[in-house]
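What follows is a short report on a single structure.
Numbering (the numbering used here), first residue to last: -8 to 277.
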């Protein structure tokens, strides 16, 4: 009788499968520190709708761009990060390192949005008069938000204030849509954006200044620049080398990226470049 009672009190087996333990093949970086590093060659260096440097010689001489980021996962708290961007051109007669752009900031996911904010410094070796600093805030829809099992296009808004050299505001609104082909390890990211600038100080272009303002067009006559500046569309293709070579992600995620963009101006009095440009490179995440 007691034995029957004891058996009756035993909990029935769970209807849920026990949690799976990640194997060496399936393992990923579950730590608090994550990094991403990209090495790419581009036909042009176009930033915020403007071709920043055009070195003497044939058109579309390749630029080497290095972009790195180290982020610290603090759970539900904002994730601080440090990053740096470098643009290199061997054909630049002044400095091979045309731009070095360090950034400190944080990313914070508050579903369904991602908030990013930080501070960026622009360093131009041997072109010290161009150097400046800014703060920025970006709000985007989390790309992992699903409706009916499908990822939706993710809009974002970016606000930048240059408080140093230019004393201006840069506003950008855009949308991104990722189309994933997981069975072959391919992702296509379609992008589009439009930008507005306000209060941006212009610089004389009559020889009294060593360089024009970043958004200053030859047609600019006012001391400050306000208006819609550029629009841009593009696609970034990313192919997983882990998938191709059957390499576990526990050693990091390696991929090849291809970039194609088209940029055009919205106001002749505000500097923007009409350009079809792109590039290709290698990306590592861990």
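For glycine and all other residues, C-beta sits at the position ideal for the given N, C-alpha and C.
In the DSSP assignment, residue 78 falls within the beta strand (DSSP E) that extends over 70 to 79. For residue 232, there is no enclosing beta strand (DSSP E); the enclosing alpha helix (DSSP H) covers residues 232 to 236. Taking 3 residues as the minimum length, the beta strand (DSSP E) runs contained wholly in the region 98 to 183 are 104 to 113, 123 to 132, 145 to 153 and 159 to 172, in order along the chain.
Ranking 225, 241 and 235 by CA distance to the CA of residue 249 puts 225 first. DSSP, reduced to helix, strand and coil, places residue 277 outside both helices and strands of the structure shown, so it counts as coil. For residue 193, there is no enclosing beta strand (DSSP E), as DSSP marks it with neither H nor E. Ranked by Cα distance from residue 102, the first of 202, 184, 67 and 80 is 67. The count of Cβ pairs closer than 8 Å, one atom from the region 219 to 237 and one from the region 177 to 184, reaches three, so the stretches are in contact. Note on residue 131: 16 or more other CB atoms within 10 angstroms of its CB, so buried under the neighbour-count rule.
Take the alpha-carbon of residue 156 and the one of residue 232: they are about 42 Å apart. Taking 8 Å as the upper bound for CB-CB distance, residue 32 and residue 270 are in contact here, some 5 Å apart.
DSSP places residue 255 in the uninterrupted beta strand (DSSP E) bounded by 244 to 256.
Per the C-alpha coordinates, the member of 167, 108 and 112 positioned closest to residue 135 is 167. Rounded to the nearest whole angstrom, the CA to CA distance from residue 261 to residue 207 is 6 Å.
In its chain, beyond the 5 residues on either side, 28, 243 and 245 have a beta carbon closer than 6 Å to the beta carbon of residue 275. Of the candidates 78, 124, 152 and 169, 169 places its Cα closest to the Cα of residue 227. One alpha carbon belongs to residue 194, the other to residue 76, and they sit about 26 Å apart.
Looking at the DSSP output, residue 90 sits in a beta bridge with 78. Excluding five sequence positions before and after residue 62, the CB atoms of its chain that fall closer than 6 Å to its own CB belong to 25, 70 and 72, given in chain order.
About 6 Å separates the beta carbons of residue 59 and residue 74, which is inside the 8 Å limit, making them a contact pair. Between residue 159 and residue 189 the beta-carbon gap is near 7 Å, inside 8 Å, which marks them as a contact.
Taking every protein chain shown into account, the CB of residue 145 has 16 or more other CB atoms within 10 angstroms, so this residue is buried. Taking residue 80 as reference, the option from 44, 143 and 104 with the minimal CA-CA separation is 44. Under DSSP, residue 216 shares a beta bridge with 191. Residue state for residue 29 is assigned as strand, using DSSP reduced to three classes.
Following the DSSP letters along the chain, one finds residue 262 in no beta strand (DSSP E), marked with neither H nor E. Comparing C-alpha distances from residue 96 to each of 78, 90, 154 and 126 shows the shortest one belongs to 126. Per DSSP, residue 56 is one residue of the beta strand (DSSP E) stretching across 54 to 63. When the alpha-carbon of residue 98 is set against those of 110, 91 and 92, the nearest one is in 110. Beta-bridge pairing by DSSP links residue 271 to 32 and 249.
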